[in-house]
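Residue numbers (my numbering), protein chains in the order written: chain Y, 26 to 350; chain C, 26 to 350.
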């Protein structure tokens, strides 16, 4: 049952023309992986900031960023990058946000907006907020977008196109700062949603964190079997298994940090999953065909909704073999 | 660690020219869904049989098959379809195979090969073999290929291209019959592997059946939550959840039958999965970051192997948004 507010709608498939005037003078991106480098690319192609400054803790990543020429400047340190910036976005793993905030806090310009792209919100807020000087607007954000690839080469300008970006401004946040950041994300192609941090963490636990956990888990289970060889798992993966390997190839440090920092919501949602799986296991053991086909019929509606909302392709098999038809 | 016998190899991306001489005089396909209709299409485009006869229990499907004109004849009954056929392939849900075998047994031509495409092998052999007259060669098969769509319109000629087809001939099967069926599948684009039925059922439990089960399960869990709305699940599904909805949109009756007929192997593999998931849950509860990142690093190798073997695309995000880059 898809609610009427979720009727299929036209979704843009192109970023559109650059803005006439940049939204920010100086955008500092701290952390140049898949998300940071995609932000640099879309900020440039859409003209979202007059100057784009990139920083990364890794010298190798800084060198690659300079080589790709996706930012106007590559700073040696995060502190140097944020000086004079009116928008700073932390694009590092969740566990690194507090340390970065501590490092850059003294260098943030009065009136600047500080944001992030972390997949967990409550723990980032606790880790970051104490390090911020008065007069800096902290507006946490999470673009729900990504691929299984990591690093500055993996980014692309349309990563956020028609994806949702969730903002979790603290109580009393300046509405103007929230609106400026919303405008930035909308110009990057995203839809913006405002949410409480705790609710964000619960929603993402079921739509992202637990799916990753069970994908990592089944790939681990398959790898450890003695009765079935690695070669057999690979050959016959088209039976369904290979779909799980995509998200189980995601960045290990990023995902370690997510689970450590959204422990409560993940364990809660995992508990529901396991409870339901136990019921399903019992249906199989008892031969309850009606129960099985009832569930298997019910689950089709959600995919239809996802396709209708432009969050998924309707092409068979994700369109993986579309070129051959 | 991918073994050297699994090094990346060139994989064909086209079916190639039709055969000079058909491999069979009359091919009877019983059940015209995704697999049956794909077999009809590839049999015609590659010239695998002089005449293709289709049958289906549903009058609606028979009418659609006639309208699509993918077979030379659409028979009213399975018995009529198999009369005079030198290759009969049952393409029905696993639970229907025994009944069909009973119905067609008396009409099978001496020397004919009877095969199937069921995703479970041991239970089909038990259900089908007793109904076959002497002189009919029973060579069970399972092409590990499919999409989340069902029905005669969903099929296409390249469905089996570079996928594996597993044959599970009983002890004492005629090697010539096994070879003729292998040649048929190779000409349809597939790679052929020979296996014991019980081993097939174990391998597919982990590479296909348990993945479908946990995909159905998490989609069900998400649908039933009270704290997170259906609309939120759909909007934020790009965080990973949507990958699971594809296989959870597969045919409910087909999958009900698979779980009821591969109970033992599915419950065994599900037990391993749950055991591993419990260990992972404990790592999260205890904050064992090293344990988490170790597992998350290990799982990347399997995906690399699957891509190198041509069973998966290397395009980010399954190539879903490739058109925009």
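We treat Cβ as the ideally placed atom computed from N, Cα and C, and that holds for glycine.
In whole angstroms, give me the CA-to-CA distance for residue i and residue j.
| i | j | result |
| --- | --- | --- |
| residue 75 (chain C) | residue 121 (chain C) | 27 Å |
| residue 198 (chain Y) | residue 86 (chain Y) | 33 Å |
| residue 174 (chain C) | residue 333 (chain Y) | 16 Å |
| residue 90 (chain C) | residue 102 (chain C) | 14 Å |
| residue 288 (chain C) | residue 309 (chain Y) | 6 Å |
| residue 275 (chain Y) | residue 296 (chain Y) | 23 Å |
| residue 338 (chain C) | residue 188 (chain C) | 13 Å |
| residue 178 (chain Y) | residue 64 (chain Y) | 12 Å |
| residue 166 (chain C) | residue 212 (chain C) | 15 Å |
| residue 110 (chain Y) | residue 133 (chain Y) | 7 Å |
| residue 158 (chain Y) | residue 137 (chain Y) | 10 Å |
| residue 267 (chain C) | residue 237 (chain Y) | 11 Å |
| residue 214 (chain C) | residue 202 (chain C) | 19 Å |
| residue 182 (chain C) | residue 231 (chain C) | 27 Å |
| residue 314 (chain Y) | residue 263 (chain Y) | 25 Å |
| residue 219 (chain C) | residue 229 (chain C) | 14 Å |
| residue 113 (chain Y) | residue 129 (chain Y) | 10 Å |
| residue 53 (chain C) | residue 265 (chain C) | 42 Å |
| residue 344 (chain Y) | residue 161 (chain Y) | 45 Å |
| residue 195 (chain Y) | residue 146 (chain C) | 58 Å |
| residue 69 (chain Y) | residue 235 (chain Y) | 34 Å |
| residue 324 (chain Y) | residue 248 (chain C) | 8 Å |
| residue 62 (chain Y) | residue 210 (chain Y) | 15 Å |
| residue 28 (chain Y) | residue 251 (chain Y) | In this prediction, residue 28 (chain Y) has a pLDDT of 46, which is less than 50 and means its spatial position is unreliable; what the coordinates show is noted afterwards. Straight-line Cα distance between these residues: approximately 47 Å. |
| residue 292 (chain C) | residue 281 (chain C) | 14 Å |
Exposed or buried, residue i, counting other C-beta atoms within 10 Å across all chains shown (16 or more means buried)?
| i | result |
| --- | --- |
| residue 318 (chain Y) | buried |
| residue 311 (chain C) | exposed |
| residue 216 (chain C) | buried |
| residue 222 (chain Y) | buried |
| residue 342 (chain Y) | buried |
| residue 303 (chain Y) | exposed |
| residue 4 (chain Y) | This structure leaves residue 4 (chain Y) out entirely; chain Y is present only between 26 and 350. |
| residue 254 (chain Y) | exposed |
| residue 37 (chain Y) | exposed |
| residue 260 (chain Y) | buried |
| residue 50 (chain Y) | exposed |
| residue 73 (chain C) | buried |
| residue 148 (chain Y) | buried |
Does residue i come out as helix, strand or coil in the three-state DSSP assignment?
| i | result |
| --- | --- |
| residue 28 (chain Y) | Residue placement at residue 28 (chain Y) is flagged as unreliable, the pLDDT there being 46, under the threshold of 50; a coordinate-derived value is accordingly withheld. |
| residue 107 (chain C) | helix |
| residue 284 (chain Y) | helix |
| residue 337 (chain C) | coil |
| residue 236 (chain C) | helix |
| residue 262 (chain Y) | helix |
| residue 39 (chain C) | coil |
| residue 47 (chain C) | coil |
| residue 345 (chain C) | coil |
| residue 274 (chain C) | coil |
| residue 85 (chain C) | helix |
| residue 201 (chain C) | helix |
| residue 246 (chain C) | helix |
| residue 320 (chain C) | helix |
| residue 67 (chain C) | helix |
| residue 175 (chain C) | coil |
| residue 289 (chain C) | helix |
| residue 196 (chain C) | coil |
| residue 251 (chain Y) | coil |
| residue 145 (chain Y) | coil |
Mind checking who residue i pairs with in its DSSP beta bridge?
| i | result |
| --- | --- |
| residue 190 (chain Y) | Y:168, Y:217 |
| residue 78 (chain C) | C:53, C:98 |
| residue 114 (chain Y) | Y:54, Y:140 |
| residue 162 (chain C) | C:138 |
Considering only the beta carbon of each residue, do residue i and residue j sit closer than 8 Å?
| i | j | result |
| --- | --- | --- |
| residue 290 (chain C) | residue 226 (chain C) | yes |
| residue 55 (chain C) | residue 106 (chain C) | yes |
| residue 170 (chain C) | residue 185 (chain C) | yes |
| residue 206 (chain Y) | residue 140 (chain Y) | yes |
| residue 142 (chain C) | residue 116 (chain C) | yes |
| residue 305 (chain Y) | residue 242 (chain C) | yes |
| residue 246 (chain Y) | residue 321 (chain C) | no |
| residue 67 (chain Y) | residue 40 (chain Y) | yes |
| residue 278 (chain C) | residue 118 (chain C) | yes |
| residue 239 (chain C) | residue 258 (chain Y) | no |
| residue 60 (chain C) | residue 81 (chain C) | no |
| residue 126 (chain C) | residue 108 (chain C) | no |
| residue 44 (chain C) | residue 71 (chain C) | yes |
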